[in-house]
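Trainee:
Number of protein chains: 2
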Amino acid sequence: MSVYLKDIPLEQAKTTFSDTLREVGLWDVLGTEMILLDENSVGRVLTEPVWAKISSPHYHASAMDGFAVHSTETIGAQPSTPIILKIDSSARYLDTGDPLPDGFDAVIPIENTEALDSKNNQAQDIRKPASIRVRASVAPWSHVRPLGEDFIATQLVLPAGHILRPFDLGAIAASGHATVRVSRKPKVAILPTGSELVPIGSELKIGDILEYNSLVLAAQVNAMGAEAKRFSITRDNFEEICLRTIEAAKDFDLILLNAGSSAGAEDFSSRAIEQLGQLLVHGVAVRPGHPVILGTIHCGQNGEIGTDRVVPIVGVPGYPVSAALTVEIFVEPIIARWLGRPALELPIVRANITRKIVSPPGDDDYVRVVMGRVDDKLLAAPLSRGAGVISSLVKADGLVIVPRGEQGVESGQPVTVNMYRSMSEVEKTIFCIGSHDMTLDLLSQSLAKHKRRFVSSNVGSQGGLLAIARHDAHLAGSHLLDSETGEFNVAYIQQYLPGIPIRLIAFVRRDQGLMVKKGNPLKIKQLGDIMRKDVKFINRQRGSGTRVLLDYHLKQDGLATESIRGYDEEEYTHLGIAAAISSGRADTGLGIPAAAIALDLDFIPLFTERYDLVVPHQYINSVLLEPFFDVINGVEFKNSVSALPGYDVVEMGKVIADIN
Amino acid sequence: MSVYLKDIPLEQAKTTFSDTLREVGLWDVLGTEMILLDENSVGRVLTEPVWAKISSPHYHASAMDGFAVHSTETIGAQPSTPIILKIDSSARYLDTGDPLPDGFDAVIPIENTEALDSKNNQAQDIRKPASIRVRASVAPWSHVRPLGEDFIATQLVLPAGHILRPFDLGAIAASGHATVRVSRKPKVAILPTGSELVPIGSELKIGDILEYNSLVLAAQVNAMGAEAKRFSITRDNFEEICLRTIEAAKDFDLILLNAGSSAGAEDFSSRAIEQLGQLLVHGVAVRPGHPVILGTIHCGQNGEIGTDRVVPIVGVPGYPVSAALTVEIFVEPIIARWLGRPALELPIVRANITRKIVSPPGDDDYVRVVMGRVDDKLLAAPLSRGAGVISSLVKADGLVIVPRGEQGVESGQPVTVNMYRSMSEVEKTIFCIGSHDMTLDLLSQSLAKHKRRFVSSNVGSQGGLLAIARHDAHLAGSHLLDSETGEFNVAYIQQYLPGIPIRLIAFVRRDQGLMVKKGNPLKIKQLGDIMRKDVKFINRQRGSGTRVLLDYHLKQDGLATESIRGYDEEEYTHLGIAAAISSGRADTGLGIPAAAIALDLDFIPLFTERYDLVVPHQYINSVLLEPFFDVINGVEFKNSVSALPGYDVVEMGKVIADIN
């Protein structure tokens, strides 16, 4: 028993859709319009080539302020044997751009002439002399912009399909056009549906889902050159969805029906399309995005059903990452066709993937990555794969596509990245990997002001050291306590990074303690309380500095980990621990006060620890990290960190040790 | 005696301007505004970081349609030993996105359950069973999107200075914001001045200059994120210019005063600025663009002069290429500052220059180039250097900057190109160099539909062969007549391209003849007429096929070149010849009928010739040239060429010979 549909391969889905649209004449420019050439013409697409109507310049023009002359009359002029040319018959003053008078064939720039009055003395007005003295001959056509220097009438100025840029407007005007024929903008209706949806800005109850997909979809299709209109939210009701779809079909060229996630929402969409037109595809083997629906509504402009007029409709999945990808894959090519421009092709680049990608072999798998250059290697780090994780769209520098038939990509392997961001932005990326600390967000904000993008991945302190060993990061944050010496990080660096010269730099000293629910209902006071049977603990993952700290103190206090309820349940960040407690999933966990405050929890401080930065020597004097050192050694950033509870910045920037 | 000002170095000019603006607080964000988050927010710049106000999801949510369970109750479930879970106490149906009920800790997807009725038979409604049977255990938190999976409250969503993209809007909404604080858009007044200027679309008289600079400038500053307003044309009148400047200063943040080219226009600008504020810089050592003026207007919002309120003003030169560059160099950094975003940095790439660049050593020299990849070498071909040649802006893929102090770049040397276009567009460029034929424009238009950019440079037939020898082009157009054999091109290819395997492909057979003024006032009938004393001839350049053809027939007819008036005056294209005749610069010249018709001349056909394409073998089967061969072998293109007068396309696409 399955409620899921059989997904068809992506290419087949695309072909089915485009073939259907081609049959009804909707796989070409939708329509054209003649527009007045003005600054709003930028971004419009030419539907016919622009041929020069006039030449530019449309006459021989002086290229300088100076005097028109007959070049033959200047032959023999030299510094010692100047020639005098009489105004009117042999020389005429011209401003730049003035037409060359008939019979004249060159211009001498004013600064190369001497203006004379009728007695051959220096003239008063250098532009109105009686004659001029010249001390050099000029070649024919010197300092003249000949007719058609820029364009000659009938020449191609711009081809059809060209997207207008600012400079193009000048060229079109210069070639004699005041109007230009462009494709009309496709009108796209965006219909969010779902009973659980609430508008942006609503007071949220548990179970409410903010409806922001329509906002992203509208912005996406506008950026593609179409004109989007967002409809208000439609409840999950078949009749209402049909009515709204008809309303949209009357006035729009394309409908994006963004299904809610509740049971049957998808069925409502597909049934509505079947009722009002033709359901072409239901389910595409693409990850993320499976429940894509493609179809056509057969609806007249008065809303009558069953007409020859066809309006394509795309059932867009509810998860934001799936929704955005559906628009990129299925909607962009249609809009490109309708506008008469080439479909968008992202620039591609090869990079090494930093973590294994596992892909379902039946799907085309779209994996968003963040990129940076470490040690001359271009790296692509896969972002969260969750279809609901919109932050992965925000962080993404590019898209890796693992094609149907492949099961993934091994760590370290080269992949092709379709890039959203320019390489120059990628080159400004500082990769920080390792333990999580909330001040890294502040650091990221501070570095943005200095043209550096600070990307931190949270894999725990040991994970960070291993990334440095693999040359996968520029620096790592670490707070690993050596249980023998009581010292932080040094022993671990020696163990994990042999032979790699490292500078260990102090960042913050911070409190660690137990987060508990507001008001501390279980009256947790000390570490030993996590052994209580009525206390559910939530742990950090193995390898994290907080876990090492916990295990160190449990051992020192002789407390057995087996007796701790939840010791094996792991979270990966301080905020993850706080969220688990806030939601009731656990009663307490070890972490830092900033995380407790963020989620309105109480905090019982137990220890302090040093959180250091591990920087390979090769980056100490790098241009890339220069602003980073400036920031951590500056007063402004230190002040913003010490304003947070539980942080001490006295040692920030201090070199703890040079190791190896 | 010089009317020219002393130019100061570019960096000094920029620093003078930015220092002055900094002193009066105009080197920072101009102002901020809180805007409602909607699709029009795209492109706005954040002036403060966005921190998550809520977590997303803001509760533990089911990631699938399925049943919430207690994971502990599923332990031991196996295909052979299923476990039955009673609805309500042990299992609850959830739609995707529904909150996980208190006490439950995992979700089993509906397709992994069997729905049972009260008698343990298959239930009617799979979403409303009495109990469910499961045949596998689930781990805690399976198929649950934990609170904060995407964002946790207080996390950084986006840094200040970020330019909003479609996806960002979703992330901001998801993190609990309905509004966002952004910089206000700077208001830029664009004042075209010049008595010779006429609006776009005007009927042109000799000496009229179309005023399109304001259009380009407005589109440029709008694209930078500002809001431009174009003022109507102001005559060259000091009082009027002052009044207009005051009018602009009242309501705008920045004034671009686009000077006319007539005498004194520049003086009016600088004097107006001196009168109304402070003239900071007059003349910058940058090419093109020397007569740049930088200053400030001290004017209150009611138009009173001499206030503390300062409005920066840029005197933009009149030539379109200089004007556009002035905005790129001086205006963009100010707008970036005012918006709180980083200044634009074009992506850079290294390429080899195809022709020597000669630069004035005192200037920063900005050279526009067109780019392509030939034979794995990335090439940058300099475009026309004329400050009035707006087509160079349209064609440009990038900008090469030869810094002050350097005298240029030798041909073949590597240069750094600041790129306007993406590398993927550059990679689609077909470089065709050699003889000019008007059908190349048609070819360019046809190839644009097939995602190829066809860039043709006109250097004459021999120049084209030399470019092929240097591996500077993918193909060359050639019509070189061998005077011994009467055959076209083959002998020349053998001579100029030894050892390079070449395929010679027929393109067009075309008429060549004498172009004369409409009505043929001098009654020119045959080649011999160009010997007449009353006939002024205009010649094509040495190495061009037309020149070879001319010289061949002159020799055959025993005509002496010395007796031809204008034999030494050269033009580089057929249209150049036509323009020279049209303007009266010459009476006749040899060329093709299409050029004559373009400029409304009469044409006396004398010879026919074969215009071939010279393609190195290595490109015959290249992906790049595939659409090129498709087009020249297709019917559509042949039809469009044969519709032109004087062309025969019978042989088009035929292989004439494989040589070497």
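Heads up: the sequence lines are chains B and P, in that order. First residue of the first sequence? That's 332 in the working numbering, and the numbers climb one at a time after it. First residue of the second sequence? That's 332 in the working numbering, and the numbers climb one at a time after it. Glycine included, every Cβ here is placed at the ideal spot set by N, Cα and C.
(1) What's the gap between the Cα of L811/P and the Cα of Q793/P?
(2) Given this structure, state the Cα-to-Cα distance separating L858/P from G897/P, to the nearest angstrom.
(3) Please report whether the beta-carbon of F435/B lies at a distance below 8 Å from any beta-carbon of chain P.
(4) Indicate whether P976/B and A925/B have their beta-carbon atoms separated by less than 8 Å.
(5) Around the C-beta of R783/B, are 16 or more other C-beta atoms found within 10 angstroms, so that it is buried, or is it exposed?
(6) Using a Cβ-Cβ cut-off of less than 7 Å, give me the residues of the segment 357-379 of chain P that come near chain B, in sequence order.
(7) Bridge partners for T760/P per DSSP, in chain order?
(8) Should L478/B and S715/P be called a contact, given that it needs their Cβ atoms to be closer than 8 Å?
(9) So with CB distances below 8 Å, who are the chain B contacts of M983/P?
(10) Going straight from the alpha carbon of E597/P to that of V438/B, what length do you get?
(11) Taking C-beta to C-beta, are V839/P and L853/P nearer than 8 Å?
(12) Please name the residue, chosen from D882/B, A911/B, L774/B and I799/B, that lies closest to L487/P on a Cα-to-Cα basis.
(13) Would you say S411/P faces chain B, with C-beta separation under 8 Å as the test?
(14) Starting from N553/P and walking both ways along the alpha helix (DSSP H), at which residues does that stretch end?
(15) Helix or strand or just coil, what does DSSP make of I366/P?
(16) Which residues does DSSP list as the beta-bridge partners of E558/B?
(17) Throw me the rounded Cβ distance for the T657/P and G620/P pair, which I believe falls under 8 Å.
(18) Using only CA atoms, which one of L835/P, V757/P, L724/P and G434/P lies nearest to R496/B?
(19) With burial defined as no fewer than 16 other Cβ atoms inside 10 Å of the residue's Cβ, what is the status of A454/B: buried or exposed?
(20) Is the Cβ-Cβ distance between S742/B and T816/B less than 8 Å?
(21) Tell me, please, whether the segment 535-550 of chain B touches the segment 578-590 of chain P by the rule of three or more beta-carbon pairs shorter than 8 Å.
(22) Which residues, in order along the segment 750-761 of chain P, keep a beta-carbon less than 7 Å from a beta-carbon of chain B?
(23) Note down the Cα distance separating D813/P from D359/B, rounded to an integer number of angstroms.
(24) Do you know whose CA, among V469/P, T485/P, N451/P and H802/P, lies nearest H389/P's CA?
(25) Kindly give me the distance between the Cβ atoms of L930/B and V847/B, rounded to whole angstroms, as I take these residues to be in contact under 8 Å.
(26) Name the residue from V645/P, W472/P, H802/P and G965/P whose alpha carbon lies nearest to the alpha carbon of L548/P.
(27) How about the segment 747-761 of chain B and the segment 676-684 of chain B: do they share at least three Cβ pairs that are nearer than 8 Å?
(28) Considering Cα atoms alone, identify which of P340/B, S349/B, D499/B and V617/B is closest to W382/B.
(29) 8 Å is my cut-off, CB to CB: does L932/P come that close to chain B?
(30) Kindly indicate which three-state DSSP category A798/P falls into: helix, strand or coil?
(31) Measure from the C-beta of R476/B to each C-beta in chain P and report whether the shortest distance is under 8 Å.
(32) Apply the 10 Å Cβ neighbour rule to L357/P and answer buried if 16 or more other Cβ atoms are within range, or exposed otherwise.
(33) Would you decide whether A779/B is buried or exposed? Buried here means 16 or more other CB atoms lie within 10 Å of its CB.
(34) For a contact defined as C-beta to C-beta under 9 Å, what are the partners of N553/P on chain B?
(35) Which word fits A891/B, buried or exposed, when buried means at least 16 other C-beta atoms lie within 10 angstroms of its C-beta?
(36) If we ignore side chains and look at the alpha-carbon of each, how far apart do E354/P and P523/P end up?
Mentor: Reading off the structure:
(1) Numbered from its first residue, the second sequence carries residue 811/P at position 480. Numbered from its first residue, the second sequence carries residue 793/P at position 462. Going from the Cα of L811/P to the Cα of Q793/P covers about 8 Å.
(2) Start at 1 with the first residue of the second sequence, and residue 858/P comes out as number 527. Start at 1 with the first residue of the second sequence, and residue 897/P comes out as number 566. L858/P and G897/P: Cα-Cα distance of roughly 14 Å.
(3) Taking the first residue of the first sequence as position 1, residue 435/B is located at position 104. By this cut-off, F435/B is not an interface position.
(4) Locating residue 976/B in the first sequence gives position 645, where the first residue counts as 1. Locating residue 925/B in the first sequence gives position 594, where the first residue counts as 1. Their beta carbons are under 8 Å apart, which means P976/B touches A925/B by this criterion.
(5) Position 452 of the first sequence, counted from the start, is the residue given in the question as residue 783/B. Buried is the label assigned to R783/B, since at least 16 other Cβ atoms lie within 10 Å of its Cβ.
(6) L368, D369, E370 and V373
(7) Working through the second sequence from its first residue, we reach residue 760/P at position 429. R784/P.
(8) Counting from 1 along the first sequence, the entry for residue 478/B is found at position 147. Counting from 1 along the second sequence, the entry for residue 715/P is found at position 384. No, Cβ-Cβ distance for L478/B and S715/P is not below 8 Å.
(9) As a working mapping, residue 983/P is identified with position 652 in the second sequence. Residues of chain B passing the Cβ test: none, with the nearest at roughly 19 Å.
(10) Numbered from its first residue, the second sequence carries residue 597/P at position 266. Numbered from its first residue, the first sequence carries residue 438/B at position 107. If you take the alpha carbons of E597/P and V438/B, they lie about 20 Å apart.
(11) Numbered from 1 along the second sequence, position 508 holds the residue referred to as residue 839/P. Numbered from 1 along the second sequence, position 522 holds the residue referred to as residue 853/P. No.
(12) Mapped onto the second sequence, residue 487/P falls at position 156. Of the listed residues, the one whose Cα sits closest to L487/P is L774/B.
(13) Residue 411/P sits at position 80 when you count from the first residue of the second sequence. No - not a single Cβ of chain B is within 8 Å of the one on S411/P.
(14) The sequence position of residue 553/P within the second sequence is 222, counting from 1. Counting along the chain, the alpha helix (DSSP H) containing N553/P begins and ends at N544 to A554.
(15) The sequence position of residue 366/P within the second sequence is 35, counting from 1. I366/P: strand per DSSP, three-state reduction.
(16) In the first sequence, the residue the question calls residue 558/B occupies position 227. Beta-bridge pairing links E558/B to K518/B.
(17) To locate residue 657/P, count along the second sequence from 1; it is residue 326. To locate residue 620/P, count along the second sequence from 1; it is residue 289. Going by Cβ atoms, the distance from T657/P to G620/P rounds to 5 Å, so yes, they are a contact pair.
(18) To locate residue 496/B, count along the first sequence from 1; it is residue 165. Residue L724/P is the option with its Cα nearest to R496/B.
(19) Taking the first residue of the first sequence as position 1, residue 454/B is located at position 123. That one is buried.
(20) The residue labelled residue 742/B in the question sits at position 411 within the first sequence. The residue labelled residue 816/B in the question sits at position 485 within the first sequence. For S742/B and T816/B, no; Cβs fall outside 8 Å.
(21) no
(22) Residues passing the 7 Å Cβ filter: S753, M754 and S755.
(23) One-based indexing of the second sequence puts residue 813/P at position 482. One-based indexing of the first sequence puts residue 359/B at position 28. Computed Cα separation, rounded: 48 Å.
(24) Taking the second sequence and counting its residues from 1, one reaches residue 389/P at position 58. It is T485/P whose Cα lies nearest to the Cα of H389/P.
(25) By 1-based counting over the first sequence, the position of residue 930/B is 599. By 1-based counting over the first sequence, the position of residue 847/B is 516. The beta carbons of L930/B and V847/B sit about 12 Å from each other, so the pair does not count as a contact at 8 Å.
(26) The count along the second sequence starts at 1 and reaches residue 548/P at position 217. The candidate whose alpha carbon is nearest that of L548/P is V645/P.
(27) Segments in contact, yes.
(28) Translated into positions along the first sequence, residue 382/B becomes position 51. Minimum Cα distance to W382/B is reached at D499/B.
(29) To locate residue 932/P, count along the second sequence from 1; it is residue 601. Chain B contact via Cβ: absent.
(30) Position 467 of the second sequence holds residue 798/P. Looking at A798/P - three-state DSSP - the assignment turns out to be helix.
(31) To locate residue 476/B, count along the first sequence from 1; it is residue 145. Closer than 8 Å: yes.
(32) The residue given as residue 357/P occupies position 26 in the second sequence. The residue is buried, with at least 16 neighbouring Cβ atoms inside 10 Å.
(33) Counting from one through the first sequence, the residue named residue 779/B turns up at place 448. Classification of A779/B: buried, given that the 10 Å Cβ count is 16 or more.
(34) The residue you call residue 553/P lines up with position 222 of the second sequence. Near N553/P (Cβ distances below 9 Å), the residues of chain B are E370, N371, V373 and P497.
(35) As a working mapping, residue 891/B is identified with position 560 in the first sequence. Label assigned to A891/B: exposed.
(36) Residue mapping note: residue 354/P aligns to position 23 of the second sequence, counting from 1. Residue mapping note: residue 523/P aligns to position 192 of the second sequence, counting from 1. Answer to the nearest angstrom: the Cα atoms are 29 Å apart.
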